[in-house]
Structure formats: C-alpha cells, structure tokens
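Data first, discussion second: the structure below is written as structure tokens.
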Amino acid sequence: MRKIYFRADASATIGYGHFIRTLALADMLKDDFDCTFFTCHPTSYQVEEMEKVCPFIPLQEETHSADFLSYLQGDEIVVLDNYFFTTDYQRAIKQKGCRLVCIDDMHDKHYVADVVINHGITNGNLFSTEPYTQLCLGYAWALLRLPFLQLPQIQRKNRKIEKAIVCFGGSDKNDLTTRFVSFLQKEKTVKQIIAIVGDKYQLDTLHCSSKVSYQHNLSASEMSELFRQSDIAFVPTSTVCLEALSQQLPVVAGYYVDNQKEVYAEYAANNLIYPLGNLLNLDFAEMNYSLIVEKTNSLHTMDFSLVSLRYRRLFQNMFVPIEIKKNGLKFVDYRILDKDKQLLIWQARNEEKVRIQMVHTEPILWESHLKFVDSLSVQYKKIYMAVYREEQLLGSVNIEYSSATHLERGLFILPEFWGNGDAVLIENTLSEFLQEQQVTSVMAKVLRSNSRSLHFHLKLGYRQISNDDEYDYLIKDLNK
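Those letters in the sequence shown? Residues 1 to 480, by the UniProt record's numbering.
See below:
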C-alpha cells in the first residue's frame, strides 16, 4: 500500500489546530493509503486521537528535523503542517525523492512542494511557488474531521437562539473564553452556554453556574453533535470556525492572531460569519447581542460533502510521477513540458485523423491549449502525459482516478505510428506501471463509429460492459 507520512505538532503553547487538521486529512485517506503520523511529545489526548486513525511515531523536540528525514525512503508522500518548516527543509524532503504537500497559513515562504493547501483563502497570487506546484485553496479543500463533512439533518430557520457555543482553542492565552461567557451570561434570551476549552484552561469560578458548562478534550463526533444541538457559535476564524460552519450553525467570529486575518476577511466578504474584527480590541460594552442574532439570519451556509473525495483523488494522482521511463518509452506530465514540446502536442491533437476520434472534434486554439495545461495545476482529477521514444513524440495518454484502484484511461497515437505496434507498447507499458501502483482495473470509452479502436481495445484484454448512442464502454482487469 502506498505510504503517506504526516508531520504536525500540538501543545498548550501553539494550540492543537495544526495537529487536528492534519489528522483530519489522514482520516480521509487512511482507507486508501498506508498512513503514519509523526509528532513531538504527544499528549494523552493526541495519542487517543491518533490511535483512532493510523499508527504514529513520537519524535524528540531536540532532534525532530533530522529524525523525521531519517524515516524517509523516497517512495512516500510527506504532508507538513507547521510554521517552522522552511524552504530548505522542504528541499531536503524533495531530495529524498518524496512528493511533498505543505499545509499553509501564512504564505510567508517560497514553496517547492508539489501541493500547497490553504482552506481559508482563494487568492493564488499571494503564494511563491514552483511552476509545478498545485494550489488547493478555499472551502472546497476544507481540512475537517469526518463528522464535519456530513451535512446536518436539522432545520435551523426560525429557530430560537438560546444555546450558545464559545470556543477559542486549546491554549486561549488571551482568555477570550471568559470575556465571551461573561458577555453572554448577561443576555436573558441565552439559556445555556457551553465553553469548549483546553486541558490547561483555568476555570473562572465566577462563571461556574447552571447556565454555563465547560467541556474539554472532545472528540470530533462530540464536537459536531454539540454544534448540531446549538443555536449560535462564538469562535475565531480558525479550523473551529469551519467546523461550526459545516454544521450550518450561525457563526460570530473574529481574529486574534495574524494568520487568522485573511481567513476572516474571506469569510466576512462571503457573508459566512457575523464579523467582529480584532477580538483583542473588542469593546464588549458596545456589542449589541440582539443585532448580532438578527444579522445571523441572513448568513450563507456551506456544503463540504465532496471534500473527502477531492482529497482521495488528489493523493492518488500524486503517486503518478511527473516522468515515467519504462520499456524504452518516456511518459512526461504536460505541466513540465517546455513551449516547443507543448506546440508539438497541440499540433498532434489537432491532426484531423486524431481529432475526429475525440469528444471535441473541432481544432483547438493554441491559447485554449495553454489555458488547459495551466488548469492541470489547479485541478485534482486528471493527469495528461506526452509519450516519447527518445525525443520522438508518439502520442498522449491521460488517466482519471475514480478510486485508489480504479481509473479511466484515454489515449491517442500520431497517425504515422499507427499499425506498427507502438500503440500496443504504450498500452502495455502503462498497464505495467499501473499494476505497480496497485491499480486493479482500467476503464475506457470508444466512439461507436470507431471500430478500429474498439478492435484494438478488445485485442488488449478489454471487455465491453455497456454502450449508449455515442460510446462503447470497456474495462480491463489488471490483476488477472
């Protein structure tokens, strides 16, 4: 099984956000990949949470950088999530031969990673990256634990706002919890206040009343259930804000550290939260609770139900190298081709004998081709590769995963190489590579008018499973 190593830490000082969201990603991927989590000095809470998801390896604070590198063999995908992973450390991982994913908050460094994830913002111009780097930005890539990826089966419209959630992270060194609890206690319409706090939070005895309860070390299921049962949430624009939004809970939010500012601006601009601004400068005496409640009625809601599928496809595609050399052939990802090679691919695709076999039979404009290639760096479904013998372009293949073991394959060969065995060599070489990647079946579709292509596929072990007015649909089992 293909390996993914996750690297993130947590503590009372830095909070648990990095750890929780990275473990959430591991949870999405654990059924399709061999996942291992690496973290420094895990607390009992971290151990309990990791044991629910995947094996883990504890690291020593003093030597964690070198120790983690020593585990890498070069065939893994590495996921990093913390501020202190520098560009040089990224390069050290890449030099091992690994594919690299960085989860970003600050976009304050150059990334040599293959993928950068930031689920809070959508402006790709803020990032310094390599040409091959894929940016996964915005809510579509929300790093949420599985219970938060399921839409709540509740009706919130015209619901009374009586039960409030307050949550400001595991550390909350500014004690925003106490300030918000105190504010809410004065509101007669608020019947119950639940404050979610960390292990080391010092309970203020003034607020230990029948109206206020404190909870800590909650599982994802317990958190999501609390959000579903509640009527309003007061949170920072961190991961917990997304978790509340996922349950379509009205959210009142602000920021108190720099890495929350841009997320805050994005959420406020999209009318996802009632915006409070800088929470450290908040004048609670000036806050109008009735106005807040009124405004939350018009907030937009979100649906994260497809997030897990997006991530599975993204990581499946990452295990396909950008260049494959096998049986005297070279398969090269479109994204790393120079302009001259792009021109040859474009010309080949536009040859009449090739394009009449395609879904889109009209010639493709050069500008449209370049735009399409650019789009491959920001999508997660398909991989396109030019196929060469030495420096001679033979054709092109594309693959699209439907799961870790199943995919659909497309193929075209330049007309001058038809009938001389090159198409068979390309197909068999690709099949060998896919078998090494633990792919068990390959789908293909052929225009019903293209009897030559149908015969080619049947000869190579595909079998027809269905058809419609336009296509024959085929499948080949690779594990036979």
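Quick reminder that beta carbons are idealized off the backbone N, C-alpha and C, glycines included.
Buried versus exposed call for ASP340 [16 or more other C-beta atoms within 10 Å across all chains shown]:
As a first step, residue 340 must be located in the sequence shown, where it is residue number 340. With fewer than 16 Cβ atoms within 10 Å of its Cβ, ASP340 is classed as exposed.
Contact set for MET106: own chain, Cβ-Cβ below 8 Å, skip 5 residues either direction
Here residue 106 is taken as the residue at index 106 of the sequence shown, counted from 1. Correct list, in chain order: TYR83, ASP258, ASN259.
Tell me, please, whether the stretch 50 to 58 touches the stretch 17 to 33 by the rule of three or more beta-carbon pairs shorter than 8 Å.
The stretch 50 to 58 is in contact with the stretch 17 to 33.
When DSSP labels each residue in this structure, what does ASN118 get in the three-state scheme?
Indexing the sequence shown from 1 puts residue 118 at position 118. In the structure shown, ASN118 sits in a strand (DSSP, three-state: E or B).
Just to confirm before moving on: does the CB-CB distance between ALA233 and ILE165 stay below 8 Å?
Your numbering for residue 233 matches position 233 in the sequence shown. Your numbering for residue 165 matches position 165 in the sequence shown. With contacts defined as CB atoms closer than 8 Å, ALA233 and ILE165 qualify as a contacting pair.
Taking buried to mean at least 16 other C-beta atoms within 10 Å of its own C-beta, is GLY97 buried or exposed?
The residue you call residue 97 lines up with position 97 of the sequence shown. It is exposed - the Cβ of GLY97 has fewer than 16 other Cβ atoms within 10 Å.
How would you label residue 563, buried or exposed, when you count the other beta carbons within 10 angstroms and need 16 or more for buried?
Nothing about residue 563 can be reported from this structure: the residues present for the chain run from 1 to 480 only.
Assuming residue 508 contacts ASP34 (C-beta within less than 8 Å), just tell me the rounded distance between them.
In the structure displayed, the chain extends from 1 to 480; residue 508 sits before or after that span and is not available.
Do you know how far the Cα of GLU432 is from the Cα of LYS325?
Mapped onto the sequence shown, residue 325 falls at position 325. Mapped onto the sequence shown, residue 432 falls at position 432. Going by C-alpha positions, LYS325 is about 12 Å away from GLU432.
What does DSSP give as the partner residue(s) for GLU323 in the beta ladder?
As a position in the sequence shown, residue 323 is number 323, starting the count at 1. Answer is VAL332.
ASP472 classed as buried or exposed, judged by whether at least 16 other C-beta atoms fall within 10 angstroms
Position 472 of the sequence shown, counted from the first residue, corresponds to residue 472. Buried: at least 16 other Cβ atoms inside 10 Å.
Which whole-angstrom value is the C-beta distance of LYS211 and GLN229, which I expect to be below 8 Å?
Residue 211 sits at position 211 when you count from the first residue of the sequence shown. Residue 229 sits at position 229 when you count from the first residue of the sequence shown. Incorrect: roughly 16 Å between the Cβ atoms, too far for contact.
Name the two residues that bound the continuous alpha helix (DSSP H) containing residue 481.
Since the first and last residues shown for the chain are 1 and 480, residue 481 lies out of range.
Is GLU367 helix, strand or coil by DSSP?
On the sequence shown, position 367 is the one that residue 367 refers to. In the structure shown, GLU367 sits in a helix (DSSP, three-state: H, G or I).
For the candidate residues SER246, LEU394, PHE372, whose alpha-carbon lies nearest to that of GLU427?
Looking up residue 427 in the sequence shown gives position 427. Among SER246, LEU394, PHE372, the Cα nearest to that of GLU427 is on LEU394.
What residues are listed by DSSP as bridge partners for VAL197?
Your numbering for residue 197 matches position 197 in the sequence shown. Assignment of beta-bridge partners to VAL197 by DSSP yields HIS216.
What three-state label does DSSP hand ALA444 in the structure shown?
Start at 1 with the first residue of the sequence shown, and residue 444 comes out as number 444. Secondary structure of ALA444 (DSSP, three-state): strand.
Proximity of VAL251 and VAL263 at Cβ, strictly below 8 Å:
Within the sequence shown, numbered from 1, the residue matching residue 251 stands at position 251. Within the sequence shown, numbered from 1, the residue matching residue 263 stands at position 263. Contact flag unset, no.
Does the Cβ-Cβ distance between ASP9 and THR39 come in under 8 Å?
Numbered from its first residue, the sequence shown carries residue 9 at position 9. Numbered from its first residue, the sequence shown carries residue 39 at position 39. Going by C-beta atoms, ASP9 is nearer than 8 Å to THR39.
Decide if the stretch 297 to 310 is in contact with the stretch 122 to 141; the criterion is three or more beta carbon pairs, one per stretch, under 8 Å apart.
In this structure the stretch 297 to 310 lies against the stretch 122 to 141, because at least three pairs of beta carbons, one per stretch, are closer than 8 Å.
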